[in-house]
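K.L.:
For the sequence shown, the residue numbers in the numbering used here are 122 to 188. Glycine residues also receive a C-beta, built at the ideal position from the N, C-alpha and C atoms. Pasting a structure below so you can have a look.
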Amino acid sequence: MKLLSALLIAGFLYYMVRRKLQQRRLEREGVVIEPSAGMRPITILALLMLGMYGGYMLFHLLSRSSS
Numbered sequence: 122m123k124l125l126s127a128l129l130i131a132g133f134l135y136y137m138v139r140r141k142l143q144q145r146r147l148e149r150e151g152v153v154i155e156p157s158a159g160m161r162p163i164t165i166l167a168l169l170m171l172g173m174y175g176g177y178m179l180f181h182l183l184s185r186s187s188s
C-alpha cells in the first residue's frame, strides 16, 4: 500500500512539473492560457487516494469477516 501511494504521488508530481513546463513554453510563444473550470489536479489526487485507501479498508474488512 505504501508503494502504491508513493507511485501515485510521484506520478502526480511528474504530471504537475510537466504541465507547468508546458504552460511556460506556451506563454513564451505568446499563447494565452485560460484557467480551466474543471476539478483541480490536487482534488483528483485526493479522490484517488481516498478511493485507494477506502478500497483497501473494504477488502480488509471483507476478508476478515469471511474467515
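Between the alpha carbons of ALA127 and VAL138, how many angstroms are there, rounded?
P.N.:
Your numbering for residue 127 matches position 6 in the sequence shown. Your numbering for residue 138 matches position 17 in the sequence shown. Cα to Cα, ALA127 sits roughly 16 Å from VAL138.
K.L.:
How many Å lie between ILE165 and ALA158 at the Cα?
P.N.:
Position 44 of the sequence shown, counted from the start, is the residue given in the question as residue 165. Position 37 of the sequence shown, counted from the start, is the residue given in the question as residue 158. Roughly 14 Å between the two C-alpha positions.
K.L.:
Which of helix, strand or coil does DSSP assign to GLU148?
P.N.:
Counting from one through the sequence shown, the residue named residue 148 turns up at place 27. It is helical.
K.L.:
Could you check how far apart the C-beta atoms of LEU129 and MET178 are, in whole angstroms? I think they sit under 8 Å.
P.N.:
What you label residue 129 is simply residue 8 of the sequence shown in a count that begins at 1. What you label residue 178 is simply residue 57 of the sequence shown in a count that begins at 1. Not really, about 17 Å apart at Cβ, beyond 8 Å.
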